[in-house]
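Asks: The numbering of the sequence shown is the UniProt record's numbering, which starts it at 1 and goes up by one. No residue lacks a Cβ here, since even glycine has one placed at the ideal position from N, Cα and C.
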Amino acid sequence: MKNIRWQNMHDAPDLCPGALHLWRIRIGDDGADPDRCVVLLGERQRARAQKMRLDAVRERYIRAQAGLRLILARYLHTPPQAIDFGYGPAGKPSLHGALHILSFNLSTSGDLALVGLSAGSGPESELGVDCEWIRPRMDHQAIAARMFAPERAQELAATPEPERLSAFYRAWTALEADAKADGRGLFRPRPPGTCRPMIAHCIPEPGYVAAVARVNLPPVSDWLTFDLHWIDLT
Numbered sequence: 001m002k003n004i005r006w007q008n009m010h011d012a013p014d015l016c017p018g019a020l021h022l023w024r025i026r027i028g029d030d031g032a033d034p035d036r037c038v039v040l041l042g043e044r045q046r047a048r049a050q051k052m053r054l055d056a057v058r059e060r061y062i063r064a065q066a067g068l069r070l071i072l073a074r075y076l077h078t079p080p081q082a083i084d085f086g087y088g089p090a091g092k093p094s095l096h097g098a099l100h101i102l103s104f105n106l107s108t109s110g111d112l113a114l115v116g117l118s119a120g121s122g123p124e125s126e127l128g129v130d131c132e133w134i135r136p137r138m139d140h141q142a143i144a145a146r147m148f149a150p151e152r153a154q155e156l157a158a159t160p161e162p163e164r165l166s167a168f169y170r171a172w173t174a175l176e177a178d179a180k181a182d183g184r185g186l187f188r189p190r191p192p193g194t195c196r197p198m199i200a201h202c203i204p205e206p207g208y209v210a211a212v213a214r215v216n217l218p219p220v221s222d223w224l225t226f227d228l229h230w231i232d233l234t
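See below:
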């Protein structure tokens, strides 16, 4: 897997057809003040944040959602607060109305959030992104048996122990990204007539793994990858 090298970019570059842009957002304690971020959120996002009892969870959510809006605002040339989202049957957000000129997907894990973007709004532009913080867990084999295809679960069980955890997270991120690409969610079958997307993995930073799914993907080396700097909130 390729390690991502993040670029500093104040203005969003052109998002050409077929290209893949990936942004990193710091959502941990080194991120922006959540009180300044929350003013960017829509009513639905604020209501969800208010229901989160743990401060750390709520603050990470607020930073991720504010960061997403700041990123989209660069491409859409509109204020972050003015961005309106629609939601699919399984809850996948998309740009609503006249702003639906690009496709995006957000994933959060640990202190990190990733946002993938594609030009256009059709099935070939839709993408799924999943990022996971790699940490030891005792139940990964049980999860694999329940969630993975039988042959994939058997393959994981046969993987030597030192590599098994990282293999699990590669398989899990691929599963999540695939399910998010067409918005069906993890527990719905693939819609009839749709093709399985390409999936590519990368290492956004040490201790994390990410997968991106789209019908057609450029090589990871051709992705444009950017860091969101919270100074943009000032």
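1) Would you say L186 touches the ligand ZN, meaning its beta carbon is less than 6 Å from a heavy atom?
2) Thinking just about the alpha-carbon of each residue, which of L102, D182, G97 and W23 is nearest to the one in Q65?
3) Between which two residues does the beta strand (DSSP E) carrying W133 extend?
4) Between which two residues does the alpha helix (DSSP H) carrying S166 extend?
5) How is V115 classed by DSSP in three states: helix, strand or coil?
6) For D30 and P93, what's the separation of their Cα atoms in angstroms?
7) Just mark S118 as buried or exposed, buried being the case when its beta carbon has 16 or more other beta carbons within 10 Å.
8) If you pair each beta-carbon of the region 157-169 with each one of the region 135-146, do three or more pairs fall below 8 Å?
9) Output the distance between the C-alpha atoms of P219 and M1, rounded to the nearest integer angstrom.
10) Between P160, S109, A145 and G193, which lies nearest to T173 when the distance is taken from Cα to Cα?
11) May I have the straight-line CA-CA distance separating G185 from A213, to the nearest angstrom?
12) Within a Cβ cutoff of 6 Å, which residues of the same chain sit near C37, ignoring the five residues on either side of it in sequence?
13) Leaving aside the five residues before and after I71 along the sequence, list all residues of the same chain whose C-beta is less than 7 Å from its C-beta, in chain order.
14) On the DSSP bridge list, what partners appear for P93?
15) Check whether the region 202-213 and the region 120-138 are in contact - that is, three or more C-beta pairs closer than 8 Å.
16) For G200, which of D130, F104, R152 and G97 has the nearest alpha-carbon?
17) How is the beta strand (DSSP E) around A12 delimited, first residue to last?
18) Just how far apart, CA to CA, sit N105 and G128?
Replies: Reading from the atomic positions:
1) You won't find the ligand ZN in this model; it holds no ligand whatsoever.
2) W23
3) L127 to W133
4) E161 to A181
5) Note: V115 maps to strand in three-state DSSP.
6) 26 Å
7) S118 should be labelled buried.
8) Touching, yes, given that three or more Cβ pairs across the two stretches are closer than 8 Å.
9) 11 Å
10) S109
11) 13 Å
12) I62, R63 and A66
13) W23, V115 and L228
14) Y87
15) yes
16) Note that residue 200 is Ala in the sequence shown, not Gly. It is D130.
17) Premise fails: A12 is in no beta strand (DSSP E) and is neither H nor E.
18) 6 Å
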